[in-house]
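Novice: These protein sequence lines map, in sequence, to chains X and Y. Every letter in the first sequence is one number past the one before it in our numbering, and letter 165, counting from 1, is 310. Every letter in the second sequence is one number past the one before it in our numbering, and letter 301, counting from 1, is 1147. For each residue, glycine too, the CB sits at the ideal point set by N, CA and C. Quick caveat, the model's predicted, so the values are computed rather than measured. Starting off with a structure, shown below.
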Amino acid sequence: MNELTSIGLILLLALVAGHLVKVLRIPEVTGYILVGVALGPSVLGWLTEDNLLTLGILSEVALGLILFSVGAVFEFSLFKRIGRPVLVVTLAESALAAVLVTGGTLALGQSWPIALLLGTIATATAPASTLMVIRECDSAGPLTDSLLGIIAVNNLLCMSLFGLVAATIDLTTGIAGLAMSEMLYRSAFWFLWQLVGSAALGYLVGLLLAGWSSHVTERGEMLILLAGSLLFCVGVSRTLNLSALVTSLAVGATMVNLSERSRQLFAALSQTDPPFYAIFFVIAGAELDVSRIPAMGILGLVYVVGRAAGKLAGATVAARHLALPLSVRRFLGLGLQAQAGLAVGLTLAVNTRYPQFAPIVSTVVLSSVAVFEMIGPASTRFALIRSGEAGLARVPPNEPLLTTDL
Amino acid sequence: VNSAHSGSPRYVAILAVIASGILAVGWFARPREIPQSPPPVPSQTELQELARRTQRRSLETMTAYFADVASEVRRSLVSVQPAGVSGILWNETQVVTAPFLGEPGATMTIRAGDTVSSVVAVPASPRVPVSALNVPAPLTGPGAAPRAASLPQSGDWVVAVWLTGETKAFAPANFRHSVTTTCGVVTVGEVMTSLSLNRAMLGGGLFTMDGNLVALILPCGDRLAAIQTSAVAEMLKRAGMIEDRVLARWGILFSPLSDLDRPYFRDVDGLLVREVWLGTAGDAAGFRPGDVVTALNGAPVATLDDVRGLEVRTDVVFELDGRRGRSAHTWSLTSVPGLASTGVAPAMAGVVLEGPAGPYRIGSVVPGSRAERAGVRPGDRIVRIDGAEPRSRQTVERSLAQTAPAAMLLEIERDGRRIAVVIPAGGSR
């Protein structure tokens, strides 16, 4: 199947699936992912590995758009209000998930690098699927804000943690032909570069976008500007070995704080980007290897249970400690279950950096991602609906989705 | 609503400078790539060495494969001593092997694995290139007789397997095609392969990769041939016929008088001595081709069944009466120690003795002539014409050149045997 055919098919089937799953009261995102699983190499094979490789670029653009939207949560006034609780909750849920998974893995007799790597990867929560569910439910309120904040901070935290763990493993196991100081420098550099460098690039692109957007009036032009900036940003971060995830987040954060017109921009964006998201999730589904699920074994089970329990308990305990609203306390943990792109990305990093640990880490993470990516969005939707926040953001089409004056 | 938008232009600009600085510093301070030296380009010599090794490796694999097949099929092979040739289990009670050397009635042993059985040799007919040994009790050591295979495809691998004493040997070969060939008096299918056969392989077999038997390696005239399995049963039957067994015992080939012979031997009833093999007991007793035997130990002889008594393997003296030409003749036939057994076809003895007779050698035979129809071949030597040795070349030419002749008896010598050929009467040459 050539690429255009697959894109067309992806979109049409995603639409059909989106309608179908509404009847089942599960999020559209899950429908898209299921379409992807069905079309992908592990089931029907209509989308081949080659197709996926080519379509991967659309996937990256979509992820850029999503994180750009997520970045809006860093609007100064909003973050000043929710920043502290978000940080605390994120730390709590991530730490508990990491501790439970690491401990369980160690208890099963795995080596400590594998345990630490799995624990780190377990902290990641998928920003894309979570954001999509929030949008689909048109939800607004304290739980929604907390979720947005947490998915933004959580990914930064997860990347930092991975940098630290990787540095630790490097320093204890060593890399052939490198002196200790060299190794230390390497680990520290990449850790900082991915965070600080990416933020710097994101800031510059955001600055460009904000400055230019004040001279652009038409909505179409605005979209061109936005698309151009984001593509440029993702492309440059690839060239510079930066994290496209952090960069896009930083563009969004900069934009929302500097531009008077950021709301229109985000609104325009949210009306234009659904096809990208559909493609993004179908591809994400196609890349899931559901055939791995039966092979996850006891270790995979420990990972799934440890992560789910850690996120749930961590978020709940921290929210109670901070005396957050009842809806947040009760449902925040359920909203954080989705796991996808970042976990897979980190697994790929493990494959290249630590091939000796790759077989176990890949099996566990890729199989459990298949699980979390399917139940996570449903869990988030459940949390949003039960908390009563779903539908609160239903606004006229020209109004922004993210209201900051709650 | 957006009053919270932070940042005076000054901070924004400072931040932009810092961000640019971070990117610039980071880009230049990035750690160098861990050098991964590309694998060195292999030299020509190394490539050749590699190719050689690959070849050797695949050869070794092939050899191991052939050795496997060989060791599998070897279970149906036995070693025949003292002839020192291989034999192949033919059925539960028979081993097929090359025609053996040695005296009739000699004791031979066959060894199959650790099982050694003693068998009494049945002399093979010198006209059939195979002999069967009757095994007293089913051999326990080896496996079952191999299944006969249909011919493989041209180019297929076959493997020759044989035993020489304790040595187990095999040789792979490519099957090419099969041809029809004549060995002694039998017409057989011969399997042509890339293998050149040698005497060590005698009695061995040619097997497919499935372990099925394609051909037996047997003597054929003065050479070796891989003879198709399908001919073996026919050959064994042939070797068991009375005339062949008498020939094996005494070197005399009797045959009933045929319609072609009748005109010459008008009024005689008996068995025609068709061939006498030189250096045998029959030769020593004074038999000549063209003699007609009419009585054995006083009993009249009319059919081959009447000379069955000659097969007896004791040192008796047989008295035979008969006719040579127009006169009566008597022979005493007895075992003569020291004379060659006819167990070997003369050609297989390695040398062919030429008789002392004059060199009246037939250069060519006109196709379709009476002589050709009677069985004269180029290379035959004329020993006697109508019972008399020709005195000169002219005599021979005159006898043969008769244009309106009566029937004529030629005694010719071919490959160490004397053969009676009756040229029928006729008008044409």
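Only counting the same chain, and skipping five residues up and downstream in sequence, which positions put a Cβ closer than 8 Å to that of residue 992 of chain Y?
Specialist: 919, 922, 934, 935, 1051, 1053, 1057, 1058 and 1059
Novice: Could you check the C-alpha separation between residue 855 of chain Y and residue 220 of chain X for me, to the nearest Å?
Specialist: 17 Å
Novice: Going along chain Y in order, which residues have a C-beta closer than 9 Å to the C-beta of residue 334 of chain X?
Specialist: Within chain Y, the residues near residue 334 of chain X are 872, 875, 876 and 877.
Novice: Looking at the structure shown, is residue 482 of chain X part of a helix, part of a strand, or coil, going by DSSP?
Specialist: Here residue 482 of chain X sits in coil by DSSP.
Novice: Going by C-alpha to C-alpha distance, which of Y:1226, Y:1170 and Y:1134 sits closest to residue 1124 of chain Y?
Specialist: Y:1134
Novice: Measuring from the CB of residue 932 of chain Y, is there a heavy atom of the ligand NAP at a distance below 8 Å?
Specialist: This structure lacks the ligand NAP, and indeed carries no ligand of any kind.
Novice: Under a three-way DSSP split, which group does residue 409 of chain X fall into?
Specialist: The answer is helix: DSSP assigns residue 409 of chain X an H, G or I state.
Novice: Here's the rule: buried if 16 or more other CB atoms are within 10 angstroms of the residue's CB, otherwise exposed. What is residue 873 of chain Y?
Specialist: exposed
Novice: Please decide whether residue 341 of chain X counts as near chain Y, where near means a Cβ-Cβ distance under 9 Å.
Specialist: yes
Novice: Extract the residue ranges of the alpha helix (DSSP H) inside the segment 327–407 of chain X, only unbroken runs of 4 or more that lie entirely within it.
Specialist: Annotation: the segment 327–407 of chain X contains the following complete segments of the alpha helix (DSSP H) (minimum length 4 residues), in chain order: 343–358, 364–384 and 389–403.
Novice: Please classify residue 401 of chain X: is it buried, with 16 or more other beta-carbons within 10 angstroms of its beta-carbon, or exposed?
Specialist: That one is buried.
Novice: State the DSSP-derived secondary structure class of residue 1111 of chain Y, mapped to helix, strand or coil.
Specialist: Collapsing the DSSP output to three states places residue 1111 of chain Y in coil.
Novice: For residue 278 of chain X and residue 180 of chain X, what's the separation of their Cα atoms in angstroms?
Specialist: 17 Å
Novice: So residue 198 of chain X and residue 431 of chain X are in contact, right, with Cβ under 8 Å, and what is the actual spacing, rounded?
Specialist: The Cβ separation is near 11 Å, so there is no contact.
Novice: Tell whether a beta-carbon distance below 9 Å holds between residue 216 of chain X and residue 297 of chain X.
Specialist: yes
Novice: Whole angstroms are fine: how far does the CA of residue 1170 of chain Y sit from the CA of residue 1041 of chain Y?
Specialist: Computed Cα separation, rounded: 50 Å.
Novice: With residue 289 of chain X as the anchor, note down where its alpha helix (DSSP H) starts and where it stops.
Specialist: Taken as a continuous stretch (DSSP letters only), the alpha helix (DSSP H) holding residue 289 of chain X covers 287–318.
Novice: Buried or exposed: where does residue 1256 of chain Y fall if 16 or more other Cβ atoms within 10 Å of its Cβ makes it buried?
Specialist: buried
Novice: Taking the alpha-carbon positions, what's the residue 257 of chain X to residue 429 of chain X distance?
Specialist: 30 Å
Novice: When you compare the CB positions of residue 1229 of chain Y and residue 1258 of chain Y, do they come within less than 9 Å of one another, or not?
Specialist: yes
Novice: Since I believe residue 166 of chain X is in contact with residue 175 of chain X (beta carbons under 8 Å), could you give me their beta-carbon distance rounded to a whole number of angstroms?
Specialist: Confirmed, Cβ separation roughly 6 Å.
Novice: What is the DSSP secondary structure of residue 277 of chain X, counted as helix, strand or coil?
Specialist: helix
Novice: Identify every run of the alpha helix (DSSP H) within the segment 1113–1146 of chain Y, keeping only runs that are complete inside it and at least 4 residues long; order them along the chain.
Specialist: 1127–1130
Novice: Under 9 Å Cβ-Cβ, which residues of chain Y neighbour residue 413 of chain X?
Specialist: Simply none; closest approach about 16 Å.
Novice: Any idea what DSSP makes of residue 1065 of chain Y, helix, strand or coil?
Specialist: Reduced to three states, the DSSP call for residue 1065 of chain Y is strand.
Novice: For a test of the three-state rule: what should DSSP assign to residue 1096 of chain Y, helix, strand or coil?
Specialist: helix
Novice: Given that residue 861 of chain Y touches chain X, what residues does it touch there, using C-beta distances under 7 Å?
Specialist: 348
Novice: For chain X, find out if any of its Cβ atoms is closer than 9 Å to the Cβ of residue 868 of chain Y; answer yes or no.
Specialist: yes
Novice: Beta-carbon of residue 337 of chain X versus every beta-carbon of chain Y: anything under 9 Å?
Specialist: yes
Novice: Whose C-alpha, out of X:151, X:172, X:209 and X:148, is nearest the C-alpha of residue 372 of chain X?
Specialist: X:209
Novice: Taking the alpha-carbon of residue 487 of chain X as reference, which of X:231, X:359, X:344 and X:263 has the nearest alpha-carbon?
Specialist: X:263
Novice: In the DSSP output, what is residue 1091 of chain Y paired with across the bridge?
Specialist: Beta-bridge pairing links residue 1091 of chain Y to no other residue.
Novice: Can you give me the start and stop residues for the alpha helix (DSSP H) that residue 174 of chain X sits inside?
Specialist: 173–184
Novice: Could you tell me whether the Cβ of residue 865 of chain Y comes closer than 9 Å to any Cβ of chain X?
Specialist: yes
Novice: Is residue 1084 of chain Y near residue 1101 of chain Y, with beta carbons less than 9 Å apart?
Specialist: no
Novice: Since residue 354 of chain X meets chain Y, which of its residues come closer than 7 Å, beta carbon to beta carbon?
Specialist: Result: empty, since nearest Cβ-Cβ is about 13 Å, beyond 7 Å.
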